[in-house]
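Peer 1: Per the numbering used here, residue 0 is the first one in the sequence shown, and the count goes up by one each step. Glycine included, each C-beta is placed from N, C-alpha and C at the ideal position. Computed from a prediction, not measured in an experiment: that's the story for all the values here.
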Amino acid sequence: MAQTARTATGRRPTHDYHATAISLKHRSKSANPAQLRPLSGIHGAAVSSRPRYVPPFSIQSQQKNTVVIDGPIHESAPKTASARARIPNPKSLRRQQKSMSTFNLGLGLNGCALGGANDPGRGTLFRMYFDRGDLPIKMEYLCGGDKIGWTVDIDKLDYSLYLPLFFDGLAETKHPYKTYARQGVTDLLLAGGERIHPVIPQLILPLKNALSTRNLEVMCTTLKIIQQLVMSSDLVGPALVPFYRQLLPMFNAFKVKNLNCGDEIDYAQKNNLNLGDLIDETLQVLELHGGEDAFINIKYMVPTYESCYLN
Numbered sequence: 000m001a002q003t004a005r006t007a008t009g010r011r012p013t014h015d016y017h018a019t020a021i022s023l024k025h026r027s028k029s030a031n032p033a034q035l036r037p038l039s040g041i042h043g044a045a046v047s048s049r050p051r052y053v054p055p056f057s058i059q060s061q062q063k064n065t066v067v068i069d070g071p072i073h074e075s076a077p078k079t080a081s082a083r084a085r086i087p088n089p090k091s092l093r094r095q096q097k098s099m100s101t102f103n104l105g106l107g108l109n110g111c112a113l114g115g116a117n118d119p120g121r122g123t124l125f126r127m128y129f130d131r132g133d134l135p136i137k138m139e140y141l142c143g144g145d146k147i148g149w150t151v152d153i154d155k156l157d158y159s160l161y162l163p164l165f166f167d168g169l170a171e172t173k174h175p176y177k178t179y180a181r182q183g184v185t186d187l188l189l190a191g192g193e194r195i196h197p198v199i200p201q202l203i204l205p206l207k208n209a210l211s212t213r214n215l216e217v218m219c220t221t222l223k224i225i226q227q228l229v230m231s232s233d234l235v236g237p238a239l240v241p242f243y244r245q246l247l248p249m250f251n252a253f254k255v256k257n258l259n260c261g262d263e264i265d266y267a268q269k270n271n272l273n274l275g276d277l278i279d280e281t282l283q284v285l286e287l288h289g290g291e292d293a294f295i296n297i298k299y300m301v302p303t304y305e306s307c308y309l310n
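Written out as structure tokens, the structure reads:
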């Protein structure tokens, strides 16, 4: 009667917020809880809005008060939908941001590690072209060993494109990249002839990068490739003389790196991986095929080198 009378007088009926809260409390757990919107106006100013967690590479990631979760670098294994929807721990987010900053500081300009000790060839153009399938090569599994096969005739290849690309792969240390690159360079040099000489300036930077890795296997392979490059044509040796300033500093640094096994037998000498001896052989090949100006330029960069003509 009292409520009816108050309604009749024109007043709005009052709501019992306490009874409403109790009814929401005793609802079934399986039911979705009611989400209350943040208050607006004067009381809403005191309520602090929490950051929203949004997926990476989305429009929401560019908005304010958002935190990107589950980036491609942080994910080590695929997660389920329920795990992706779960709000991450703030401590784990701070650790991820710290690891991200450390990862960015440890990268070079081309994406390679600054030291290059783990994987020196991680950012080579050869690996990128190989992963995309743009190289005309394939692997042939034979009884005597694996060998690469060419899907296109080598005589029809553009040496200005493919020869520097395969030389760039000499810095690789992982299979199958190093296998394809080294055998590809050998095949191109054997069939190159006069087409190699115009491409010499483009081969200097890949050779320098391979020697700068300071990896024993990579450096020995590169030295053997340099010898094959010089003897592939009569014009290559004199063409390399102006580029001794880029190639020979690493020769001077590792010239004395010889294996001293005393009176023991070096059973690994068949592999020809003695870096000091390979450097001496390469310098002699450069002098013999480099013309009359080769020795004075070698002597300027490697002062301890003695001419093979005088000895």
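How is residue 218 classed by DSSP in three states: helix, strand or coil?
Peer 2: The answer is helix: DSSP assigns residue 218 an H, G or I state.
Peer 1: Starting from the Cα of residue 48, find the closest Cα among 64, 184, 200 and give me that residue.
Peer 2: Minimum Cα distance to residue 48 is reached at 64.
Peer 1: By the three-class DSSP mapping on this structure, what secondary structure does residue 52 have?
Peer 2: Strand.
Peer 1: Check residue 230 in the structure and name its three-state DSSP category.
Peer 2: DSSP places residue 230 in coil when its eight states are reduced to three.
Peer 1: Which runs of the alpha helix (DSSP H) fall wholly inside the stretch 155-189 and span at least 4 residues, in chain order?
Peer 2: With a minimum length of 4 residues, the continuous alpha helix (DSSP H) runs that stay inside the stretch 155-189 are 158-167.
Peer 1: So the beta strand (DSSP E) residue 212 belongs to, where does it begin and stop?
Peer 2: Premise fails: residue 212 is in no beta strand (DSSP E) and is neither H nor E.
Peer 1: Could you pull the DSSP bridge partners for residue 139 from this structure?
Peer 2: DSSP, once it has assigned bridges, lists 146 as partnering residue 139.
Peer 1: Say whether the stretch 278-287 touches the stretch 221-233, bearing in mind that this needs 3 or more beta-carbon pairs closer than 8 angstroms, one atom from each stretch.
Peer 2: Verdict: yes, contact present.
Peer 1: Under the assumption that residue 129 contacts residue 179 (Cβ atoms under 8 angstroms), give the Cβ distance between them as a whole number of angstroms.
Peer 2: Yes, they are in contact, since the Cβ atoms of residue 129 and residue 179 sit about 7 angstroms apart, within 8 angstroms.
Peer 1: Candidates 125, 256, 289: which alpha carbon is nearest residue 163's?
Peer 2: Nearest C-alpha to residue 163: 125.
Peer 1: So which of 188, 306, 149, 139 has the shortest CA-CA distance to residue 166?
Peer 2: Closest option to residue 166, Cα to Cα, is 188.
Peer 1: Counting only the same chain and skipping the five closest in sequence on each side, list residues whose C-beta sits under 6 angstroms from that of residue 134.
Peer 2: Only 128 meet the Cβ criterion.
Peer 1: If you draw a straight line from the C-alpha of residue 183 to the C-alpha of residue 54, how long is it?
Peer 2: Looking at the two C-alpha atoms, the distance is approximately 43 angstroms.
Peer 1: Could you tell me the boundaries of the alpha helix (DSSP H) in which residue 281 lies?
Peer 2: Unbroken alpha helix (DSSP H) run through residue 281: 274-288.
Peer 1: Does DSSP put residue 66 in a helix, a strand or coil?
Peer 2: Three-state DSSP puts residue 66 in a strand.
Peer 1: Considering only residues of the same chain and omitting the five flanking positions on each side of residue 249, which have a CB-CB separation below 7 angstroms?
Peer 2: Correct list, in chain order: 210, 211.
Peer 1: Got a sec, what are the start and stop residues for the alpha helix (DSSP H) residue 61 sits in?
Peer 2: Where residue 61 is concerned, there is no enclosing alpha helix (DSSP H), given that its DSSP letter is neither H nor E.
Peer 1: Within the same chain, show all residues whose beta-carbon is closer than 6 angstroms to that of residue 146, passing over the 5 residues directly before and after it, in chain order.
Peer 2: Once the five neighbours on either side are set aside, the close Cβ partners of residue 146 are 139.
Peer 1: Quick check: what's the CA-CA separation for residue 137 versus residue 176?
Peer 2: Distance between the alpha carbons of residue 137 and residue 176: 12 angstroms.
Peer 1: Shortest alpha-carbon distance to residue 244 belongs to which of 300, 154, 201?
Peer 2: Taking only the C-alpha atoms, the option nearest residue 244 is 300.
Peer 1: Just to confirm my understanding: we take residue 246, look at its own chain, exclude 5 residues before and 5 after, and list those with CB closer than 8 angstroms. What are they?
Peer 2: Around residue 246: 203, 206, 207, 210, 225, 239.
Peer 1: Compute the distance between the beta-carbons of residue 297 and residue 289, then report whether it is under 9 angstroms.
Peer 2: Yes, these two residues count as a Cβ contact at 9 angstroms.
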